[in-house]
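Enquirer: Protein chains in written order, with the UniProt record's numbering: chain A, 1 to 119; chain B, 1 to 119.
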DNA sequence: CCGAATCCCGCCTGATACTG
DNA sequence: CAGTATCAGGCGGGATTCGG
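Rendered as structure tokens:
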């Protein structure tokens with residue numbers, strides 16, 4: 001058991017660990033990434049729909065954040081040749097599984113609150 | 001199964017969920033929180049030790065971030081009446097369990113890389 | 001409709017110096 | 001040692017305008 005913990009600590013210390021952690025942080029960072037992901041959890045949406053769904057976001061920010069998420073492989077963008085053009089955004093498979101990360105974050109916070117209030 | 005997923009979605013939509021998520025985000029945000037937590041994972045440390053351990057952090061930032069983490073119940077501060085004063089920082093119980101959140105973030109990132117490279 | 005380009009501001013952060 | 005004080009710079013992000 002002791003040796004197991006040491007192995008885990010080594011793993012946690014590795015460069016790979018830190019790099020992977022950064023990947024996840026990049027999906028989270030900024031003010032709008034999570035609201036966008038949250039909105040897309042319910043299915044594909046168009047640009048304007050997202051803009052309406054997410055409170056107070058400007059098209060500039062929405063565009064920038066969507067591009068980030070696309071580069072990170074979390075969101076997929078599809079353009080349809082209609083006039084005017086229609087663009088749809090949806091979560092990739094990885095994007096869909098991201099809720100598991102969020103769930104753990106929430107779980108920790110809830111337990112943390114209980115532990116903190118106990119004092 | 002379908003009904004279960006709906007319950008989960010409702011849960012994820014609730015105000016409580018978002019608030020808890022924010023709690024966790026506050027523990028993560030900024031450039032220095034995770035390095036500090038990581039450094040304290042190996043045991044209690046004094047201010048100067050942390051400053052030496054964490055690359056390029058200024059005392060100003062270290063002080064501020066430690067104060068944040070203390071307010072969030074993740075770090076505990078102990079002052080000893082020596083001359084000159086000795087101050088030790090250590091993770092609270094919640095702080096120690098936080099690695100479980102980090103592990104899940106890393107796990108997601110690793111799987112995400114595999115899925116993305118497959119294409 | 002779907003953005004790109006531009007301008008601008010606040011605050012977060014870094015650097016440096018100083019105190020109990 | 002363990003921080004605080006002060007100033008300056010950069011960058012995230014808001015507002016607005018314009019183009020395909």
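C-beta: ideal position from N, C-alpha, C; glycine also. Being a predicted model, the structure only gives us computed values, none of them experimental.
Would you check if there are 3 or more beta carbon pairs closer than 8 Å linking the stretch 93 to 106 of chain A to the stretch 29 to 45 of chain A?
Expert: They touch, by the three-pair rule.
Enquirer: With C-beta atoms as the reference, is residue 105 of chain B less than 8 Å away from residue 21 of chain A?
Expert: Yes. Within cutoff.
Enquirer: Determine the DSSP secondary structure at residue 127 of chain A, reduced to helix, strand or coil.
Expert: The structure shown does not extend to residue 127 of chain A, since chain A is modelled only from 1 through 119, so no value can be given for it.
Enquirer: List, in chain order, every chain B residue whose beta-carbon is nearer than 8 Å to that of residue 86 of chain A.
Expert: Per Cβ cutoff of 8 Å: no residues; residue 86 of chain A is ~24 Å from chain B at best.
Enquirer: Shortest alpha-carbon distance to residue 68 of chain B belongs to which of B:51, B:84, B:79 and B:32?
Expert: Among B:51, B:84, B:79 and B:32, the Cα nearest to that of residue 68 of chain B belongs to B:32.
Enquirer: Could you spell out the range, first to last residue, of the beta strand (DSSP E) harbouring residue 83 of chain B?
Expert: First-last for residue 83 of chain B: undefined, no H or E at that position.
Enquirer: Starting from residue 51 of chain B, trace the alpha helix (DSSP H) in both directions and tell me its first and last residue.
Expert: Its alpha helix (DSSP H) spans residues 47 to 53.
Enquirer: Does the beta carbon of residue 55 of chain A sit closer than 8 Å to a beta carbon anywhere in chain B?
Expert: By this cut-off, residue 55 of chain A is not an interface position.
Enquirer: Could you tell me which chain B residues have their CB closer than 9 Å to the CB of residue 21 of chain A, listed as they occur along the chain?
Expert: The answer, in chain order, is 34, 102, 105, 106 and 109.
Enquirer: Measuring only between beta-carbons, confirm whether residue 24 of chain B sits less than 8 Å from chain A.
Expert: Output row for residue 24 of chain B: interface = yes.
Enquirer: Using 8 Å as the threshold, is the C-beta distance between residue 78 of chain B and residue 88 of chain B below it?
Expert: Yes, the Cβ-Cβ distance between residue 78 of chain B and residue 88 of chain B is below 8 Å.
Enquirer: Under 8 Å, do residue 86 of chain A and residue 52 of chain A count as touching if we go by C-beta distance?
Expert: The answer is no: Cβ separation not under 8 Å.
Enquirer: Distance, Cα to Cα, residue 93 of chain A vs residue 59 of chain B?
Expert: Cα to Cα, residue 93 of chain A sits roughly 43 Å from residue 59 of chain B.
Enquirer: Going by DSSP, name the residue or residues bridged to residue 10 of chain A.
Expert: Its beta-bridge partners do not exist; DSSP assigns none.
Enquirer: Hey, could you find the ends of the alpha helix (DSSP H) residue 27 of chain B is sitting in?
Expert: Taken as a continuous stretch (DSSP letters only), the alpha helix (DSSP H) holding residue 27 of chain B covers 15 to 28.
Enquirer: Going by the CB atoms, is the gap between residue 37 of chain B and residue 73 of chain B shorter than 8 Å?
Expert: Taking 8 Å as the Cβ cut-off, residue 73 of chain B and residue 37 of chain B do not qualify as a contacting pair.
Enquirer: For residue 115 of chain B and residue 70 of chain A, I'd like the C-alpha separation in whole angstroms.
Expert: Each residue's alpha carbon lies about 14 Å from the other.
Enquirer: Identify which residue in B:90, B:48 and B:117 has its Cα closest to the Cα of residue 84 of chain B.
Expert: Of B:90, B:48 and B:117, the residue nearest in Cα terms is B:48.
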